[in-house]
Each structure stands twice: as C-alpha cells, then as structure tokens.
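238 is the number that my numbering gives to position 230 of the sequence shown; each next residue is one higher, with no gaps.
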Amino acid sequence: MDARITKSRLSNLLSYDWLKIILAIVAAVFAICVFFTTVQTRPRENQVFTVYGYRELNAASGAADLMEKLLKEGVFSYDILDAQQETFGTGQYAETAFAARRSAGQGTVMFTTTNRTDADDPSKTVISEFLGGEMHGLALDLDVYIADCENYLIRFFGEKWRQGELDRAEAEECFLRRNEKDRRYRSEEKKQAGILQEYERLEKLREDYSYILTKIGDGTLSFVSVNDENGTSRVKAFALGKLAGLRDFYYYSEETDGVTVTTAANVCMFVLSNDRDAGRSAYAVENDLRYETFSFLRALIERFGVLS
9 MDARITKSRL
19 SNLLSYDWLK
29 IILAIVAAVF
39 AICVFFTTVQ
49 TRPRENQVFT
59 VYGYRELNAA
69 SGAADLMEKL
79 LKEGVFSYDI
89 LDAQQETFGT
99 GQYAETAFAA
109 RRSAGQGTVM
119 FTTTNRTDAD
129 DPSKTVISEF
139 LGGEMHGLAL
149 DLDVYIADCE
159 NYLIRFFGEK
169 WRQGELDRAE
179 AEECFLRRNE
189 KDRRYRSEEK
199 KQAGILQEYE
209 RLEKLREDYS
219 YILTKIGDGT
229 LSFVSVNDEN
239 GTSRVKAFAL
249 GKLAGLRDFY
259 YYSEETDGVT
269 VTTAANVCMF
279 VLSNDRDAGR
289 SAYAVENDLR
299 YETFSFLRAL
309 IERFGVLS
C-alpha cells in the first residue's frame with residue numbers, strides 16, 4: 009500500500025478539512041439562528057400597535073420613525089412589543105393591501121378624512137363610504153369604547169376610579185391570566201417584575217384616559233358619526249382637525265384659489281374592531297390591551313397639538 013505523503017495528497021486533505029470546517033460553521037450559525045428564533049418572544053396579535061393611513065392621506069416628515077420613538081419613550085404599556093405604521097394611499101392595489109392586512113387581523117387604528125366625495129351630497133364622505141351602512145362593524149363605536157374603558161378602570165380602582173387605590177390582587181390576577189405562558193416571565197423573579205409593570209400599566213391607563221376625557225371636554229377632540237344600514241347614527245371616529253400641527257404627521261392636499269396647500273383640517277381616526285369585548289363586563293374582557301389607543305391619542309395631542 010502506497011502511504012507516502014505527497015504534495016497532491018496533502019493538498020486534497022487540507023481542502024477536505026477546510027470544507028468540513030466551513031460546513032461546521034454554517035451548521036453552527038444555523039443552529040444559533042434556530043435557537044434564538046425559538047426562544048425569543050413573538051408578539052401576540054394584540055401586542056402590536058399598528059397605525060394605518062387611508063386614501064388621500066400622506067405621511068409627513070413627522071411620521072418618520074414616530075411609532076418606534078413612541079415605543080422607546082414608553083408611550084405604550086410594557087405589553088406592547090412592537091409599533092408600526094403603514095399608509096395605503098390611492099394606488100391600484102391599496103384596497104387589496106388593506107384587505108389583506110385585515111384578513112390577517114392586523115391594524116389597530118386608521119386615519120382617514122371627512123372630505124366630501126360628492127359635491128351635491130354632504131352626507132357622502134370618505135369615512136362614510138368606508139364605514140357607513142353594513143360596514144360600520146369594521147370600527148368600534150366610540151361611545152361604547154369610552155364607557156368600556158371607564159368600566160375597566162372601575163374594575164381595578166373602584167367606583168371613584170380617578171382617586172381610588174389600585175386593587176393589586178385584581179391587577180396581579182389579570183397579569184397572570186394574560187401572561188401565564190409568556191416566555192418573558194419564566195422565573196419567579198421576572199414574574200414579580202412583570203406584576204409591577206402591570207401596576208404601572210393600569211396607573212398609566214388611568215392618567216391617559218383622564219387626559220383624553222379632558223380634551224374631549226374642552227373641545228380639542230370631537231367625534232365623527234356615520235349611519236349604519238338602518239339609518240342609525242353611530243359615533244365612529246375622533247375628529248383631529250383642531251390639532252394644529254397634525255399635518256406634520258398626516259396631511260392631504262387641496263386647492264384653494266388656484267393654490268395647492270397641505271392641511272389636516274378634516275383628518276379623523278377610528279379604532280379598528282379586533283375583539284369581541286365591546287360592551288362586555290370589565291371582568292370578562294379578554295383583550296386587556298384594547299385601550300392603548302388612549303395613550304396613543306395623548307401622544308398625538310402632545311406632539312401635534314400646536315404648530316411646529
């Protein structure tokens with residue numbers, strides 16, 4: 009048997025070893041990727057706060073990275089793990105894209121306008137065409153939504169929810185029910201830290217909700233209604249036209265005296281219907297994060313309530 013070490017055999021051996029090393033590295037990288045993909049916490053549907061812009065609306069410079077900033081600044085509660093924004097516009101595939109998102113259960117709030125779509129009929133507007141008639145169920149009735157949030161706060165703070173002490177036992181039970189299988193809270197230490205975050209979530213919700221009620225009371229926020237299929241008026245959207253700087257977030261263009269200007273005067277926002285908790289007892293609510301919109305609204309008012 010010829011076992012001599014030759015230059016050719018040594019070259020083949022080294023080439024084979026290098027191949028094994030490369031394959032080993034690739035396998036290791038793949039294993040690490042699989043590991044982190046498996047162990048990392050993936051947001052549940054209601055843990056992603058998504059803002060949509062519809063039809064003639066354009067996202068302005070103030071919209072750039074805004075959702076990421078709000079997330080980092082703690083505008084949302086600890087249980088919102090991601091915040092996104094998408095503007096559909098009026099392109100050929102805009103309606104198809106929106107339908108695809110909604111079929112996947114995506115979207116939290118949507119911005120649109122009360123701009124008229126028929127010069128001869130003032131009742132025909134962008135929002136009425138979108139949410140009127142049998143389509144009203146796409147968005148929550150805001151009078152019910154606002155009352156539901158107050159009842160939710162009463163559950164944790166009592167009838168005098170503005171001044172009441174937090175029922176920590178009720179808050180802890182709420183946290184454990186919602187996050188029992190959450191990988192973030194495997195250890196007892198992390199679970200206790202999470203319960204403290206739950207206390208903070210509820211305290212913040214109380215502050216933000218109270219703030220929004222004040223802004224409704226002083227006229228900063230008003231409401232937009234549409235008629236359902238029976239002709240019944242339903243409160244569907246927050247009118248945001250009094251936020252003087254809102255055009256730095258969303259705007260549309262209109263022509264006045266031959267001059268094209270950008271404005272947000274008729275911009276409004278509605279809350280997409282993503283659960284069956286509307287009108288339910290606060291103790292039966294399954295989606296505890298359904299009121300994060302009040303925190304988002306407060307952030308809008310504080311950022312865009314005045315001209316920049």
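Idealized CB from N, CA, C, for every residue including glycine. Note that the structure is a prediction, hence the values are computed from the model and not measured.
The residues Thr122, Asn123, Arg124 and Thr125, in chain order, have a CB closer than 7 Å to that of Thr133 in the same chain once the five nearest residues on each side in sequence are set aside.
Segment contact: the region 140–155 against the region 275–287, three or more CB-CB distances shorter than 8 Å; contact assigned.
Beta-bridge partners of Asp236 (DSSP): Gly141. For the 8 Å CB-CB criterion, Phe106 and Phe119 do not form a contact.
In the displayed model, Tyr101 falls within coil according to three-state DSSP, outside both helix and strand. Under the three-state reduction of DSSP, Gly61 is assigned to strand.
In summary, Glu142 is exposed, with fewer than 16 beta-carbon neighbours lying within 10 Å of its beta-carbon over all protein chains present. In the structure shown, the three-state DSSP call for Leu89 is coil.
Secondary structure note for Thr121: its beta strand (DSSP E) is the uninterrupted segment Val117 to Thr121. Between Arg255 and Ala68 the beta-carbon gap is near 6 Å, inside 8 Å, which marks them as a contact. Taking a 10 Å sphere around the C-beta of Lys80, we find fewer than 16 other C-beta atoms and assign the residue as exposed. At the C-beta level, Arg163 and Tyr291 come within 8 Å of one another. DSSP places Thr228 outside both helix and strand once states are collapsed to three, so it counts as coil.
Partner residues in a beta bridge of Ala107, as assigned by DSSP, do not exist.
Between the alpha carbons of Thr58 and Asn159 lies a gap of roughly 25 Å. Taking Leu251 as the centre and dropping the five residues before and after it, the same chain places the C-beta of Phe312 and Gly313 closer than 6 Å to its C-beta, in chain order. DSSP places Glu262 within a strand segment (E or B) once states are collapsed to three. A distance below 8 Å separates the beta carbons of Gln55 and Asp87.
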